[in-house]
Every structure is written in C-alpha cells, then in structure tokens.
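Q: Structure below; questions to follow.
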Amino acid sequence: MKKLILAATGVATAVVLGACSAGGGSGAPAGAAAPAGEVAPVVTTTSPPPVPVETTTSAPAPSSTPSSSEKPTTTKPKPSTKKPAPKPKPKPAAGVPCSITSGACVDLSAKKTWILRDGAVAYGPVPITAGKKGHPTPVGTFSVSHKVKNYHSREFDAPMPNSVFFVPGIAFHSGSLSQQSHGCIHLSPGASAKYFSTLKVGDSVQVVR
359 MKKLILAATG VATAVVLGAC SAGGGSGAPA GAAAPAGEVA PVVTTTSPPP
409 VPVETTTSAP APSSTPSSSE KPTTTKPKPS TKKPAPKPKP KPAAGVPCSI
459 TSGACVDLSA KKTWILRDGA VAYGPVPITA GKKGHPTPVG TFSVSHKVKN
509 YHSREFDAPM PNSVFFVPGI AFHSGSLSQQ SHGCIHLSPG ASAKYFSTLK
559 VGDSVQVVR
C-alpha cells in the first residue's frame, strides 16, 4: 500500500514538470526567475525587413521661352575697315581742246562750243561768234553764276534771250552768227535754248584760244 502511494505521487510530479517545461498551460508567471539548475529559454523575434519604396523624380519639362534672367545673345557683325576704292576721274573728251570733263567748252579759234558730261560730249559742237576787237571774250575757266530767260541789255539796248552768265556782263545767249559780239558767246536760237536748259549754276565754263 505504501509503495502504491509513492508511485502515484511520482507520476503526478512528473506530469507537472513536463507541463512546465513545455511552456503551455498554467506555468510560472512572466518574468519569474527560472528554478535552480534550469536554463530559461531565450525567445527572439525577427521583424521582416522594410520594403524599399522606389521614388522617381521626373525631369522638368523644357521651357520654350527663355527666363527673364536669361537674355538672348546676338552677335553683331564687325564693321568693315576696308575703304571703298575711289572712282576713277573721267578723262577729257577726245577731240575737245578743253581740260574740263563736265560743263561748256568754247574754242575761240575754231569758233565752236560743246557741252560735256563726265568726259564725254553731251551736245555739239555748234558754231559761235565771240567778242570783237576792243571787246574780247575772256579766256580761262569760269563757273555759271546765274541764268535769265529773257534778258535785255541796257548798256547796248539789245535783247539777249536764253542768257547763261559765267563772267559779269558775259554770257551765252541767242544772237547773230555773222556779227561779233561785245564779249558774249552768240549761239543759234536752238543752241541757246539747249545751253539754257542744260547748264546749271556752278557748272564749269572753259574758254580757250
């Protein structure tokens, strides 16, 4: 009988110890120290690694208009340092005794006159009569000073149509081609009209002998 009781007690003790070691049922409260001779089980929990979040940065859309701080650059062409070649001076007209290239040329010996433009004959030659003895036509290079369409000489009481003056009191004008003048250059009516319309104030007049 005594042996039977001891055996039963050992079985009960073994059951209790087995339940505690398994960690289930009614064990020791949390945080209680483990009995002497036993190692408390170490429980480790592993958290899952964080899932990486992909972030994308979109590039800014290109702007079609420059910002206010950006000024467009323009390249100005450098001015040319080369000087234009001077135009060659015209040469005197061939067959004309005067050295001027533009204006009126008068040859007293040949009794002819021409209108010249840029080294070429623009009109003529046409016949003339010039000053008589005591009233010679001056020789030299002069300039047209003024023109009078219907001039009348008070000194000689004579009409002088189409007068083109190049010396005080001396002019091209319509007059007799058979009688000499008092220094003026007589032209036919048609020639005097041409000289009056063509010659301008400031044009050269050269008279040679």
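The opening position of the sequence shown corresponds to residue 359 in the numbering used here, with each subsequent residue numbered one higher.
From the three backbone atoms N, C-alpha and C, an ideal C-beta is built for every residue, glycine too.
All values derive from a computational prediction rather than experimental measurement.
Considering residue 552, what are the terminal residues of the alpha helix (DSSP H) in which it resides?
A: What you label residue 552 is simply residue 194 of the sequence shown in a count that begins at 1. 547–556 is the extent of the alpha helix (DSSP H) around residue 552.
Q: Under the three-state reduction of DSSP, which class applies to residue 515: helix, strand or coil?
A: Translated into positions along the sequence shown, residue 515 becomes position 157. Correct three-state label for residue 515: coil.
Q: Can you grab the Cα-Cα spacing for the pair residue 452 / residue 565, in whole Å?
A: Here the question's residue 452 lines up with position 94 in the sequence shown. Here the question's residue 565 lines up with position 207 in the sequence shown. So the alpha carbons of these two residues sit roughly 17 Å apart.
Q: What are the boundary residues of the beta strand (DSSP E) that residue 462 is part of?
A: As a first step, residue 462 must be located in the sequence shown, where it is residue number 104. First-last of the beta strand (DSSP E) with residue 462: 461–465.
Q: Suppose you measure from the CA of residue 460 to the CA of residue 433; what does that come to, to the nearest Å?
A: Taking the first residue of the sequence shown as 1, we reach residue 460 at position 102. Taking the first residue of the sequence shown as 1, we reach residue 433 at position 75. Those two C-alpha atoms are separated by around 46 Å.
Q: By the DSSP assignment, the beta strand (DSSP E) with residue 498 in it spans what residues?
A: What you label residue 498 is simply residue 140 of the sequence shown in a count that begins at 1. Segment 498–501, the beta strand (DSSP E) holding residue 498.
Q: Please return the same chain residues whose Cβ sits closer than 8 Å to the Cβ of residue 495, not counting the five positions on each side in sequence.
A: The residue labelled residue 495 in the question sits at position 137 within the sequence shown. Counting only Cβ-Cβ distances below 8 Å, and skipping sequence neighbours, we find 464, 466, 488, 489, 528, 539, 541, 542, 543, 565.
Q: Could you check what DSSP says for residue 529 in three-state terms: helix, strand or coil?
A: As a position in the sequence shown, residue 529 is number 171, starting the count at 1. Strand at residue 529.
Q: I need the DSSP call for residue 380, collapsed to helix, strand or coil.
A: Along the sequence shown, read from residue 1 onward, the residue named residue 380 stands at position 22. For residue 380, the predicted model reports a pLDDT of 42, less than 50, meaning its position is unreliable; a value from the coordinates is still stated below. Note: residue 380 maps to helix in three-state DSSP.
Q: Check the Cβ-Cβ distances between residue 565 and every residue of chain B, and say whether any is below 8 Å.
A: Here there is only one protein chain, and chain B is not present.
Q: CA-CA distance, residue 550 and residue 436?
A: For the purposes of this step, residue 550 is identified with residue 192 of the sequence shown, where counting begins at 1. For the purposes of this step, residue 436 is identified with residue 78 of the sequence shown, where counting begins at 1. Taking the straight line from one Cα to the other gives about 54 Å.
Q: If you draw a straight line from the alpha carbon of residue 554 to that of residue 442, how long is it in whole angstroms?
A: To locate residue 554, count along the sequence shown from 1; it is residue 196. To locate residue 442, count along the sequence shown from 1; it is residue 84. For residue 554 and residue 442, the distance between alpha carbons rounds to 36 Å.
Q: Spatial neighbours of residue 536 within its chain, please: C-beta separation below 8 Å, excluding the five flanking residues on both sides.
A: By 1-based counting over the sequence shown, the position of residue 536 is 178. Here the set comprises 487.
Q: With 16 as the cutoff for other CB atoms within 10 Å, does residue 502 come out buried or exposed?
A: Taking the first residue of the sequence shown as position 1, residue 502 is located at position 144. That one is buried.
Q: How should residue 440 be labelled, buried or exposed, when 16 other C-beta atoms within 10 angstroms of its C-beta is the threshold for buried?
A: What you label residue 440 is simply residue 82 of the sequence shown in a count that begins at 1. Answer is exposed; the Cβ neighbour count stays below 16.
Q: For residue 343, which option in 530, 484, 462 has the closest C-alpha, if you only look at C-alpha atoms?
A: What the structure shows of the chain is the stretch from 359 to 567, and residue 343 is not part of that stretch, so it cannot be assessed.
Q: Rounded to whole angstroms, what is the Cα-Cα separation between residue 462 and residue 562?
A: Start at 1 with the first residue of the sequence shown, and residue 462 comes out as number 104. Start at 1 with the first residue of the sequence shown, and residue 562 comes out as number 204. For residue 462 and residue 562, the distance between alpha carbons rounds to 6 Å.
Q: Per DSSP, residue 564 is paired with what?
A: Along the sequence shown, one-based indexing puts residue 564 at 206. According to DSSP, which records beta bridges pairwise, residue 564 is partnered with 463, 499.
Q: Using only CA atoms, which one of 456, 513, 556 lies nearest to residue 481?
A: Against the sequence shown, residue 481 aligns to sequence position 123. That would be 556, whose Cα lies nearest to the Cα of residue 481.
Q: How is the beta strand (DSSP E) around residue 485 delimited, first residue to last?
A: One-based indexing of the sequence shown puts residue 485 at position 127. Element bounds for residue 485: 478–485.
Q: Is it buried or exposed for residue 569, if we count other Cβ within 10 angstroms and need 16 for buried?
A: The shown model of the chain, from 359 to 567, leaves out residue 569, and the question about it has no answer.
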